[in-house]
Amino acid sequence: MAIDLDRCTGCQACVAACHAENNLPLSDPESAAKGRAFHWIRVDRYYEGEFPSIRVKHMPVLCQQCDEAPCEPVCPVYATYRNDEGLNVQVYNRCVGTRYCANNCPYSVRFFNWFDPVWPEPLPLQHNPDVSIRMTGVMEKCTFCIQRIQRAERDAASEHRQVADGEIQPACVQSCPAEAMTFGDLNDPESKVSRLAASGRATRLLEELGTKSKVFYLERSE
Amino acid sequence: MYLRGDFENDHSAAHALRQLRAVGFTPADIDVFSDEPIEFPKGVLPRPSRMSLTVVTGAVSFMLLAVGFVYYTQHNYPLVTGGMPLFSFWATGVIFYELTMLGAILTTLVCFLWESGLLRRSRRPVPIIEPGIICIRIGCLPDQADEARRALERAGARNIARMEVAE
Amino acid sequence: MERRSFFKILSSVSAGVAASSCSNKTDTLIPLLVSNTEIVPGEEQWHPSVCSECSAGCGVIVRVMEGERTVERQGHKFRERIAAIKKIEGNPLDPVSGGRLCARGQSAVQSLYHPDRVTAPMRRKGTRGTAEFVPVSWDEAIDAVSRSLNIQQSADPGKILFLTRPESGSRSATIQNFLSALNAPPPLTCSLASFAVERKASEVVFGWRGVPVYNLARARYVLGVGADFLGGWVSPVYYARQFGEFRRGRPGVRGRFIQAESRMSLTAASADEWLPLLPGSEPEFLTAVTRLLLDARLARDPEQLPPAVLNSIKSADVASLARICGLNVNRLERITRDLGESDAPLVISGASSPNTNSLHAVAAAHYLNALLGNIGRPGGILAPNQDLSPLPLVGSVSEKLKASNFLLLDYQNPVYSLPAAAGARETLSQLEMIVSFSPFIDDSSAYADWILPDHHALETAQAVVPAVAPGSAITVGLPFIRPLYDTRALDQTLVAIAHKMGKSLEPVTPERYVKSLLPPDQTWDQVACRGGLWQEAPKPVGNEVPRVAEAQAAHSEIAVSPDLARFPFYFQPYLSLQFHDGSGANLPWMQELPDPVSSAMWNIPVEIDPQSAARLDIRTGDWVRVQSPYSSFEAPAYVYPAAIPGVVSMAIGDGHQHYGRYASGRGANPIEILAPVLEPSTGTLALGGTRVQIARLDRAPAGFVQFSPRDREQGPWGYR
Amino acid sequence: MLRTDPWSEGLPKRCARITALFLLHAALSLAAVNQPVQFPHNTHMKLGLACVDCHTGADIRAAAGIPSVTKCMLCHAKLATNKPEVKKVIQYAQKGEEIPWRRVYGFSSDAHVKFRHAPHFEANISCATCHGEMSQETVAVRSIDFTMGTCLTCHRQRKASQDCAACHY
Amino acid sequence: MAAVPEVIPYPEVRRDLWRPLERTGRSYSIWVIILLAIALWGLSCWGYQLYRGIGVAGIRRPVFWGFYLVDFVFWIGISHAGTLISAILRLTDANWRKPVTRAAEAITVFALMIGGLFPIIHLGRAWVFYWLIPYPNSRLLWPNFRSPLLWDLTAITTYLTGSTIYLFLPLIPDVAQLAEHASGWRRALYRKLSLGWTGSDREWHALERAMKLMAAIILAVAISVHTVVAWDFSMAIAPMWHSTIFGPYFVVGAIFSGIAALLLVMSIIRKTLHFERYLTPHHFNNLAKLLLLMSLLWLYFTVAENLTVWYGNEPKEMAVFGDRIRGHFAPYFWIMVVCNFVVPFVLLGIRRLRNIRTATIASITVLVGMWLERYIIIVPTLSMPRLAAAWGSYSPSWVEISITGATFAVMALLYLLFSKLFPLVSVWEFEPHPAEQD
């Protein structure tokens, strides 16, 4: 995935899209005050400088799907691991809830189910049946909308073709009005995302940690 | 048959042991009972032990077992890890170390139980001793009994008695 | 990618997806009985519709899959499988949304499945304002409403007041027909998001009806003035899309963007440079820029301007204007030069928080654009999507309320969106009759005698004219799920009432609405399948630039509470992307979406600059009392490093007394304390212009939640 | 909102769920008796009907689906209308109601399994592999216990994906 | 330095040391009931947590580990009291250790049991904790041996096994003697536990050899255990956790807190069980000197840890550092320094002040300080992750506080029960050996 910070307006459409797609638990003021609100993707905002020459930096941060993810080796039960497609997978039913992975995630993008999530009727009608409702005591995080990836791959397989570049769009990418986010296959040098990642503007978040994350941020240079 | 001789201090006991050894009793025939551990001078009552060696062997075999186990389990369910090694020696080093130590501990326990004879419940009689008394028990054939008794007397045993095998 | 596949599975035009009627006890699992004719478990359908969360009118596609709800039938609780809406995305065919959608639009599904929706028509039980209602049957409700409406109509139809949303389309056409059948005055709106000033300015200057379209995507140098077009202004999705194009959509070209605004809004945050204008100084700023442009001989077409305007600009003194704006003249000169020298310059102007002089500001921007020669050109200002039916009027709602007897509320909430000083509460409790069509009991519906709940927008058929669209556009949504509750579409209700009153009224269905405009090569079915009727913009015609007329000189006096010593702060409520005019506050997703500025969740803070905060000993999370000459409220403070000293801002949204469980009693309503001052040319409430004083409260700093409390990237212990 | 009734969730519920899993087998075979209509699979299959004739989703969709009563009535409007079980079906059809079948197969929500029939059908796995030989049975009962071991064994044998994320997400 | 201890006749030793086993005072019962009540309260809190979800604890994003892990590290640290000290002293043949070892080893076993419980308490789904244990299951899924948490599991298992055996072996002769004198169920129990010990020289030899070996092994295990506990943190790349010094730092801290715990327990035993003649000022003096030494070592490591961070000035680490030294956590940090260094240094470093009372006071402050040290290590780092946008705070809930408090009660309770069953000072080892007195 590539995120163009020059296009990003910080509107948080991606955040809402993620909530809608992935059945994220609702918070309430009390739980939010306890730091238990869920946002698989969040828009970090930082202020740089002082008034009047102050600038705002908006940066959508989601699971970076690192190739060398710090969260993976520390899980005692293999509830999180990297699969063949390079996704960091979180297996809810295997997770025992040590929360070690969340501590070791430098991007702080892992969220924990402190309780069983509850939605007042009839809000559950909105739940996406393609995505599990996580129970208490398990970790969860952005999956790059694995349900969409799988669907697209299945569709392509049944039509005996390759998945086209740009055919798969996670909910956040799909919703972004400014088209700041691009999703595709980084292994394919011809894909749009590969070209963006190879452009001079691309950096990775906390690259110095060597996590080999797969989200590229295109700098907001002039 | 068994004889017992009680002594009041370890000097006289050591003396008795020397006497007994001199008349041909082997350390295997002799047991010394006391409330507290007694150190005898070297060679008086040698109790050869292979405990250290066994423990090392136990430790090493546990380590090998551990390596094998970890290797087996990680390959038994070849989890998709996207290029990470299934079996990583260094990352599992701590496991090997701990299991090695566990091996050492367990073998020590087993060795202790074996060498102390607690595992091998014998039907030899156990003397009841008063506090502070050192009791030497000699396992001997009836014809050796007199010789043993004399040796004990020479060493100044307070009390010499014959012991019956408990049924 | 385009969601081509959704063509394959589009709904048939007429048939809604029927809900299954299988039933069983709650504690046993229900088999998936619904099969090929109905909704298939695990299979998705996408249906086109239109987003009604704001007046932008984005075309959307809606994902429908099976869902399960609990219903009570004959005393037993059953779980029933129905076709349910899972997700809303932008319609890729729609030129406004282009397949994208803002956070608020995506949350529309939560207002559909909101646990506090009104499920049946209701009659008031308690006194007005207490929100105590008893459910009644539709027949009873319509009988009663039409009877009393009949009495009122025969007595004085002029005292019937219909408040509706500031949108045009089939729904508003039906409302207008209904009112004209009753000889009642046309509908009004009291929404804070009517953008009447922008419409008025374009009407005055260009003779256009509607908000002009800024072709941001093809501009190269953009100067934004007072319009938070990436935030809560007119059509955020459309402009965000344009912005993306503008920035990085063209190979080798990166548009440069300067925003002059009295608040660091989302738009200013995305700008290359932010010019912190003192509030209400937009006309001065634009005059100064225009003057500098003329001086630098960079104006391309000075003859465009009416002579009076030109003269007044020429007589302006840049230095003093710059001082009023709080800006440096050199900086203005640089920006003016860059603007004038650019290939495709554009000035985008609006009134995100209208002041009394906002018309003047927007008009001045139009003049500047005229000087830059970009009217009707690519990368310039384009003619608006001409309103196909008149919009509800804006203007002195509070006076009209007082003058009326019979009030009909269609998603309008005058209690919330009028200042306390306007006395809406008192007026509403004295009115003879109030009928609300709102599906939620909001602050104003709490005063209603009857609630005749409307369907949710996704359950109903409607055609909407987007506020901003390239070319002409009508977006159409047809129902594809069964209404969840015993509600009725507004047009059906109105028709039923009219019939009861013996008037003939035909509802304006989307089909009727669109049919008259259908080009010969398209059919209604096509429009319904695609989700709208969109036509390319008429090609900009060479030199034929619209007439530029002179706007009435608006006065620049903005401070309506001049007691500077007592009320030293300038207060400016603004429309946020999440809550818009406050109507988004009942959606839990919007409440827990961190505020882009303060990262606040579940409570909107007052933004105050660090200097003033230090002086008043206020820290983020402290509670403050904001006091205007009229009223006051208490809210948490956020020390906003990018706030202009002396300017206090706050997003509109919280402070509802009644609005469902997620909004009721939460936070404070900034409009409440405003001076009841209107923008003179339109009658829009002037959001800016009230002065306030601020004091820290000795209350425990609790109740203020931020998702990311930290707003600097570095720790405070940077170097030693 | 999130403030939940503490007595409605938690360990007892989970314990109950686990117990339920153990009892599932027995309970589900009992459920067969409780089906509103004693549908004889064998009779229908002897007539030459294939599984996918009625469970139309099994080959192309995620869910196999249970036929609507209208589908039953395609034949039973005329055929065998005097049999008591068929009469029940006709009654349901006349009332315009669906038959409230009880679920026989399925995963608990704790398992987080996303099972799709179609790929399994495409891999030429016969229905009987998981559902038993229905030509021999009357009312459907759960003949095979689905544990993760069951799935994995088959996936291993057929070299299908063993990625957790293939099924759990 | 110390005066030659009086030689106490053996029967008197036995009588004195066995007295607590035979006579039960009223205050004992009261204490047991109080502690049992607290322990049950803690247990019901845990039950409540299992019932509602781990969310009843105060932990939150980003501080995913809170009191429970602090307690875990603390108790594992305490567990080093025993074994490590008794092992070192045993290996160095320090004879003054003899009355001390049993008390120390018991601390180890109980603290380990409690400490080992915390990782389970803190799990989100504690009821599936057995998934961490490699057992063949139908899925053929095995745990991930690369996870430091699994290292913990093996290390703690090994350590618990080892230290239990280490406690048990020298208990055998005592138990055998007790068996002769006790009656009723006690006799049966002691009989069983004595494994048929006869007191033969073979047994003594084997015991001595095994104890020597065990001392060496347990030393290695104990060091590794706390190193592994430290690695739970330092294997993570969180700022200020990712440090090479953590292994030895934690080990030193563990021994430090262990000695403090031992000192505290000893002074309580001495007072309540009237062991004045057995636990003499001489022992306290020696232990106090050890405590002082560890305090200095601890200071050295603390300075080494913080100085490198400060000098390195890496922004992400400086954030944590600054908050510890000058920010939100500064009070805790400086209290910790006072407790762990200033108090012991003054009270024990000045010879005139060093006595049993001051040693007890110092050990209490050290225990408080070491608990704070774990808190200071765990919480600030977690509350300030690398991306500033995710920073957050933490405060414990009543559930966490209750469970933490209850574990202290459980510790005391276990100790009380232990003191009722076994002599807290090794009887056979305590036999006066005038020749060997130092």
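Chains as they are written, first to last, in this note's numbering: chain R, 1130 to 1351; chain U, 50 to 216; chain P, 5 to 724; chain L, 6 to 174; chain G, 37 to 474.
Just so you know, even glycine gets a beta-carbon here, dropped at the ideal spot from N, CA and C.
Quantities reported herein were computed from a predicted structural model and do not represent experimental measurements.
Kindly list the residues whose CB is nearer than 7 Å to the CB of residue i, restricted to its own chain and excluding five residues on each side of it in sequence; keep chain order.
i: Thr1227 of chain R; result: Pro1205
i: Lys352 of chain G; result: Pro275, Arg422
Given a threshold of 16 other Cβ atoms within 10 Å of its Cβ, counted over all protein chains shown, does residue i qualify as buried or as exposed?
i: Trp499 of chain G; result: There is simply no residue 499 of chain G to check, as chain G begins at 37 and stops at 474 in what is shown.
i: Lys2 of chain L; result: Absent from the structure is residue 2 of chain L, since the part of chain L shown begins at 6 and ends at 174.
i: Gly348 of chain G; result: exposed
i: Asn129 of chain L; result: exposed
i: Gln43 of chain L; result: exposed
i: Asp447 of chain P; result: buried
i: Ala558 of chain P; result: Per-residue confidence for Ala558 of chain P stands at a pLDDT of 47, beneath the threshold of 50, marking its modelled position as unreliable; no derived number is given.
i: Lys519 of chain P; result: exposed
Does the Cβ-Cβ distance between residue i and residue j come in under 8 Å?
i: Leu116 of chain P; j: Leu568 of chain P; result: no
i: Asp1157 of chain R; j: Gly89 of chain G; result: no
i: Gly78 of chain G; j: Ala445 of chain G; result: yes
i: Gln697 of chain P; j: Pro649 of chain P; result: no
i: Ala641 of chain P; j: Val610 of chain P; result: yes
i: Pro680 of chain P; j: Ala355 of chain P; result: no
i: Lys1359 of chain R; j: Asp1196 of chain R; result: This structure cannot settle anything about residue 1359 of chain R, because the visible part of chain R is limited to 1130 through 1351.
i: Ala115 of chain U; j: Leu148 of chain U; result: yes
i: Gln582 of chain P; j: Arg108 of chain P; result: yes
So that I know if they touch, is there some Cβ in chain P lying closer than 8 Å to that of residue i?
i: Cys1192 of chain R; result: no
i: Gly137 of chain L; result: no
What residues in its chain sit with their C-beta under 8 Å from that of residue i, if we drop five residues either side in the sequence?
i: Glu1319 of chain R; result: Asp1294
i: Trp277 of chain G; result: Phe269, Ser270, Ile413, Thr417
Comparing the CB of residue i with every heavy atom of the ligand MN, is any distance shorter than 7 Å?
i: Pro41 of chain L; result: No copy of the ligand MN occurs in the structure displayed, which carries no ligand at all.
If you measure from the beta carbon of residue i to each beta carbon in chain R, is any gap under 8 Å?
i: Asp168 of chain L; result: yes
i: Tyr174 of chain L; result: yes
i: Leu153 of chain G; result: no
i: Leu168 of chain G; result: yes
Does the beta carbon of residue i sit closer than 8 Å to a beta carbon anywhere in chain G?
i: Tyr146 of chain U; result: yes
i: Pro640 of chain P; result: no
i: Ala258 of chain U; result: With chain U covering only 50 through 216, there is no way to say anything about residue 258 of chain U.
i: Ser98 of chain U; result: yes
i: Trp1248 of chain R; result: no
i: Lys1343 of chain R; result: no
Could you pull out every residue in the same chain whose Cβ sits closer than 6 Å to the Cβ of residue i, ignoring the five residues on either side in sequence?
i: Glu540 of chain P; result: Gly475
Near-chain U residues of the segment 227-250 of chain G (beta-carbon distance less than 8 Å), N- to C-terminal order
Leu231, Gly232, Trp233, Thr234, Gly235, Ser236, Asp237, Arg238, Glu239, Trp240, His241, Ala242, Leu243, Glu244, Arg245, Ala246, Leu249, Met250
Can you list, in chain order, the residues of the segment 54-68 of chain L whose Cβ is nearer than 7 Å to any Cβ on chain P?
Thr61, Gly62, Arg66, Ala67, Ala68
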